[in-house]
Structures are given as C-alpha cells and as structure tokens.
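Numbering (this note's numbering), first residue to last: 5 to 319.
Even glycine gets a Cβ: it sits at the ideal position worked out from N, Cα and C.
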Ligand code: NDP
Ligand code: OXD
C-alpha cells in the first residue's frame, strides 16, 4: 500500500508533511515510482499525462487543486474516484482576493495610482456600493463565500450557474438561456468557474460586449472583469481589445491562457490591469496533506468521500 505524490510543484514538501503525519505510510514521489502495483492512492497537481494509468491498483486520486481541469486533460485518466481540495483557508483567501479587487475597482484605485504618480490632487466620483452590480459567474464553494462577503458592503449581487441556486440577497440566473440577462445587469464580473469543455474561452469579446454599461447613467467608468477561475476561460487578446475599445474599464487577472504570463504580453503593463501569478488562493501544504490523509483513511474504511469530482460535469 503506497501513496504516490505526483505534483509539478511542492512535491517534496508534501512528502515531508505526509512522513510527519504518518511515518508508517509508504510514500513515493514521482518520478521515483518503485513497484507501481503497490500504489493505491495518489496526491496530484498537473501530473504527467498517462502516468496515473500505469498504476493497476490505484483506488483514489486526491487533487491538490480545487480545479481539476489538468486531470481531465489526461486522455488516460483512470476511472477511479477523484476528490478535489476544498478547505476553509483556501476559501478565505479567495474571498479576500475577490473582495479586495471588487473594492479596488469600485473605488477607482488604478486611476488614483495614476494621479498619485503625477502628483495630481483630483476628486473622482465613486458610486455607492448599493449602486454597483457585482455578478458572479460560478457560485459554488468559492463563489458563494465571496457573495456572502460582498453582501456586507451592500453591493447588488447576482450570480450565474449551471443549475439554479438560491442565496439570500443574490439574484440567481442559470444556464445559457439566462446568461445574457445576467451580463446585462452586471457592472463588475467576478469569474469563479471551473474550466470545462463548456466554459473554455467563454470570456471572449462577445461576452465582454454584453456587460452592462448603463449609458449616461453609468456610475463606474465601464465594466470590470475579475477572473480567478482559470486562464483557459478567457481570451487574453479579447480582454486587451475590450480595454482599448473602452468596452472594459479595468481587469484583475490571476489566471492566464499561458502561465507564467509571457513577458511579451501587453497585459503586464496595461494601466487598468492588475496581474497576479495564479495565487488568489494558494493553499498551505500541511492543510492539503491533512485533507488527503483524511480522504485516504475514509477510502480505506469504505466511508463516504468528500468533494468527489463529477466526471460527467467535469468539475
Ligand atoms: P465549485 O465546483 O464549487 O463551483 C463551480 C461553480 O461554477 C458552480 O456554481 C457551477 O454551477 C458553476 N459552473 C460550472 N460549469 C458551469 C457552466 N457550464 N455554466 C454555468 N455555471 C457553471 O468550484 P469552486 O468554487 O471550489 O472553484 C471554482 C474554480 O476556481 C475552480 O474550478 C478553479 O478553477 C478555480 N480556483 C482558482 C484558484 C486560484 O488560486 N486562482 C484557487 C482555487 C480554485 P453549479 O452550482 O450549478 O454546479
Ligand atoms: C486550485 C488552484 O485549483 O490553486 O486550487 O488553482
């Protein structure tokens, strides 16, 4: 009985925590697999394609990420249960990220930064929070926590999901048929969707053009995009073009089509774009390992697993 750790980063850090928590557990760190027939559980982040299929007795895959798109990218992904990482600290960090960036753009901070650089003392009109419509694309574990935090400030909240949701103080829209109505009533778009075949490239010029601008009544200078879901959801070039055309006022991007974001990308230096290196909600290795060992223990005892990935939905 062995646990494989196949992670593109922090693998040895995870292994050290496993050994600390459970010294008796046989831990293998890819690419040092040993006898693959002994591997029953795997803790993974972006594992090499085809690797997991070489383990004939694999019984459970634990994803270090909340998002599992990298696993589904493996055409040979074994048909064993998969659980994704869901954790209070991760959720808290994402809530901080979303709140920080909604407030930043609502309070026109990028313009104040520009004014400060030029030593210009200038008043900019800022709408009341109750007049700013924040729309969440995706209101699962992370989106619903963000909505609860944003509600405290009095923002007018709406959310778009696959199946219909219900949350106090949030106008809920579901499915493709209601996407346009959702977008037309959104000033600040917060994206916390998983990357699936249905959502890939969804943040393109057509979608961005549908965001509310409220014409002469607009309180913000234009719509804002905040994407902390996955880079594959967005078309970087369309975001830039929308900013240039004034269809977008500003953007906060934690994720990109290519990561790390290439030096050549104009997003790096755009005055209304905030770039962060896919760390909106970095998770603590000890918490990840603790969670993985709990799931492995449940699997061994035949008890229910938590946060099981639905293969049909792809998240
Ligand atoms: P959940 O699975 O809990 O929530 C996903 C939400 O997206 C659900 O509300 C779901 O709808 C909705 N959704 C999925 N597909 C569609 C679709 N086709 N149309 C409309 N809505 C859809 O995921 P989490 O909240 O835990 O995480 C969301 C994503 O955040 C992850 O998949 C990951 O990519 C990203 N992430 C990024 C991090 C970072 O550091 N930048 C850190 C952690 C996660 P429904 O409720 O109907 O199922
Ligand atoms: C995740 C991430 O999916 O960090 O957890 O992106």
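TODO: Name all residues in chain order for which at least one heavy atom of the ligand OXD lies closer than 5 Å to the residue's CB.
DONE: In chain order, the qualifying residues are 69, 70 and 71.
Task: Status (buried if at least 16 other CB within 10 Å, exposed otherwise) for residue 286 - done: Under the 10 Å beta carbon count, residue 286 is surrounded by fewer than 16 other beta carbons and is classified as exposed.
Task: Among 126, 143, 50 and 313, the one whose alpha carbon lies nearest that of residue 13 - done: Cα-wise, what sits closest to residue 13 is 50.
- [ ] Please indicate yes or no: does the CB of residue 91 lie closer than 7 Å to some heavy atom of the ligand NDP?
- [x] Outside the cutoff, so no.
Task: Cβ shell of residue 279 (< 7 Å), same chain only, five flanking positions each side left out - done: Cβ neighbours of residue 279 beyond the five flanking positions: 257, 265, 271 and 272.
Task: Same chain, Cβ closer than 6 Å to residue 206, neighbours up to 5 away in sequence not counted - done: If we look at residue 206 and ignore the five residues flanking it on each side, its Cβ neighbours are 237.
Open item on the list: On the CB-based measure, 16 or more other CB atoms within 10 Å of its CB, does residue 134 come out buried or exposed?
Closed with: Result: exposed.
Task: Cβ separation of residue 30 and residue 42, assumed to be a contact under 8 Å, to the nearest whole Å - done: Confirmed, about 7 Å.
Task: Cα-Cα separation between residue 115 and residue 226, rounded to whole angstroms - done: Straight-line measurement puts the Cα of residue 226 at about 13 Å from the Cα of residue 115.
- [ ] Taking only the alpha-carbon atoms, compute the straight-line gap between residue 63 and residue 91 and give it to the nearest angstrom.
- [x] In a straight line, the C-alpha of residue 63 is about 22 Å away from that of residue 91.
Open item on the list: Excluding the 5 residues flanking residue 292 on each side, which residues of the same chain have their C-beta closer than 7 Å to its C-beta?
Closed with: Within the same chain, residue 292 has close Cβ partners 18, 68 and 89.
Task: Reference residue 121; option with closest CA among 253, 275, 314 and 156 - done: Measuring from the Cα of residue 121, the nearest candidate turns out to be 275.
Task: Assigned secondary structure, residue 58 (DSSP; H/G/I helix, E/B strand, else coil) - done: Helix at residue 58.
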